[in-house]
Amino acid sequence: MSNKIKNIQKALLSDNYYILNKVSFDYLMKDGRWVNTMREVYDRGDGAGILLYNKEKKTVILTKQFRMPTFMNDNEDGFLVEVAAGMLDKDNPEECIIRETEEETGYRLKKVKKVYESYSSPGVLTEKMHFFVGEYTDNMKVHEGGGLDNEQEDIEVLEMPFNEVVDKLHNGEIVDTRTIVLIQYAIIHKLIE
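Take 1214 as the starting number for the sequence shown in this note's numbering and just add one per residue.
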């Protein structure tokens, strides 16, 4: 535990879907003063995202789905093009991303590679995101994908040429952070040449 914080108190504000807490604590400033601080902290668990790529076809699999928070923040139709992703629930990150890949895209992967992990928005979210890449082939497709009905998912699966995806990134059509990070990883590490 950090010696720069003490007297931590949490008050539950909401647990309708995930958990929103009001957290107050005393924080030791670098000048030696203790200052009482308050933050709202949203705990939605950790997640994982994956860029599926095919070296031979020079393509990637992305998804497109409606995201209400983006609609509320100037995304005209609310739809985002993004990598397959999901919440860990009780799985480890690798099991989660293999499960989510099949649910969302219809591809059954046997092997994935973890490339990064990072905090999504550390000023307000507890979420740590685990980033993966995975190579796919046409014979790995076991169903159409699209998500789970019981989770009200309505996901469009997009197989796109990688050079077109890079163009969409550069012209601002791809605005999801997980997707940007993984596309940049693919560019830097020359996953598709």
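Glycine included, every Cβ here is placed at the ideal spot set by N, Cα and C.
CA-CA distance, residue 1391 to residue 1301, rounds to 15 Å. Judged by pairs of C-beta atoms under 8 Å, the region 1365-1373 touches the region 1271-1279, as three or more such pairs exist.
Under the 10 Å beta carbon count, residue 1282 is surrounded by fewer than 16 other beta carbons and is classified as exposed.
Inclusion of residue 1271 and residue 1375 in the CB contact set at 8 Å is warranted, their separation being smaller than that value. Bounds of the beta strand (DSSP E) holding residue 1252 are 1247-1256. By the Cβ-count criterion, residue 1337 is exposed, with fewer than 16 other Cβ atoms from all chains shown falling within 10 Å of its own Cβ. With a cut-off of 8 Å on Cβ pairs, the region 1346-1362 is in contact with the region 1315-1330, counting three or more such pairs. Looking at the backbone, the Cα of residue 1269 and that of residue 1353 are separated by about 14 Å.
Per DSSP, residue 1342 is one residue of the beta strand (DSSP E) stretching across 1341-1348. A straight-line Cα-Cα distance of about 38 Å links residue 1265 and residue 1225. Going by C-alpha positions, residue 1378 is about 48 Å away from residue 1244. Cβ contact annotation for residue 1280 (same chain, cutoff 8 Å, sequence separation greater than five): 1288, 1291, 1292, 1293, in chain order. Exclusion of the five residues before and after residue 1295 leaves 1275, 1276, 1389, 1391, 1392 as the residues of its chain whose Cβ lies within less than 7 Å of its Cβ.
DSSP, read as helix, strand or coil, puts residue 1267 in strand. Pairing residue 1234 with residue 1220, the inter-Cα distance amounts to about 15 Å. In chain order, 1233 place their CB closer than 8 Å to the CB of residue 1227, counting only its own chain and leaving out the 5 sequence neighbours on each side. Per DSSP, residue 1381 is one residue of the alpha helix (DSSP H) stretching across 1375-1383. For residue 1394, the three-state secondary structure derived from DSSP is helix. In this chain, the alpha helix (DSSP H) harbouring residue 1281 covers 1281-1284. In the structure shown, the three-state DSSP call for residue 1242 is coil.
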